[in-house]
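For reference, the structure discussed in these notes is given below.
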Amino acid sequence: FEDVLIDVIGPDGASGAYFVMNDELQARLLADPLVGICSDGSPTGYHPRGHGTFAKIIEKYVMQTRLLTLREAVAKMTSFPAALLRLEDRGIIKENMIADLLIFDPRNVHDNAIYPDPLQLAEGFEVVIVNGKIAREDGRQAADLFGRVLQPHAIQ
97 FEDVLIDVIG PDGASGAYFV MNDELQARLL ADPLVGICSD GSPTGYHPRG
147 HGTFAKIIEK YVMQTRLLTL REAVAKMTSF PAALLRLEDR GIIKENMIAD
197 LLIFDPRNVH DNAIYPDPLQ LAEGFEVVIV NGKIAREDGR QAADLFGRVL
247 QPHAIQ
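When we follow the working numbering, the leftmost residue of the sequence shown carries the number 97, and every step to the right adds one.
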């Protein structure tokens with residue numbers, strides 16, 4: 097398969113995905129206290145993880161299988177990766193920290209992104225606050241974009 101992609105199709109002609117992680121391995125990794133949760137999915141790319149990663153964690157691994165508590169899942173998606181990336185002003189709710197917040201009821205969270213339709217937004221995320229400003233509320237996107245590229249504090 098790799099030879100076809102490299103030699104025949106070339107770097108501009110195709111993409112591929114390997115499905116090597118089964119549910120058992122994924123659950124084992126998610127339960128590990130040294131594993132954080134993030135996504136390399138792009139919101140403009142055509143892969144479900146770009147729109148569904150975090151909803152899937154809450155829906156499947158918190159609410160359905162109860163592999164993680166909500167507190168554990170949120171920490172794995174926020175404070176743990178922020179600390180690893182040395183984003184010292186993000187990842188926890190505390191005075192003088194950047195206010196990136198997501199308001200939701202975990203019972204209402206549903207991942208809608210699937211391979212045939214990967215750009216479907218998740219349900220249940222009621223308010224998204226980025227840099228202290230409401231970026232999305234009641235299903236409506238704000239006119240302005242409030243995010244920015246993040247770098248570790250030692251680099252800024």
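Glycine included, C-beta positions come from ideal geometry on N, C-alpha and C.
Computed from a predicted structure; not experimentally measured.
Glycine 187 versus glycine 132: straight-line alpha-carbon distance, rounded
Looking at the two C-alpha atoms, the distance is approximately 12 Å.
How would you write the range of the beta strand (DSSP E) that alanine 123 sits in, first residue to last?
Alanine 123 -> not in any beta strand (DSSP E); alpha helix (DSSP H) instead, spanning 119-127.
I need the straight-line Cα distance from leucine 197 to leucine 125, nearest angstrom please.
So the alpha carbons of these two residues sit roughly 26 Å apart.
Three-state secondary structure assigned by DSSP to glutamine 237:
Strand, per DSSP.
Simplified DSSP state of phenylalanine 150, which is helix, strand or coil:
If DSSP states are grouped into helix, strand and coil, phenylalanine 150 belongs with the helices.
Tell me which residues share the same chain as phenylalanine 242 and place their Cβ nearer than 6 Å to its Cβ, disregarding the 5 neighbours each side in the sequence.
Excluding positions up to five away in sequence, the list reads Val226, Asn227, Lys229 and Ala231.
By Cβ distance, which residues of its chain are closer than 7 Å to glutamine 252, with the 5 residues on each side in sequence left out?
Note that glutamine 252 has pLDDT 46, beneath the 50 cutoff, so the model's placement of it is unreliable and the number below is only indicative. Hits under 7 Å: none found.
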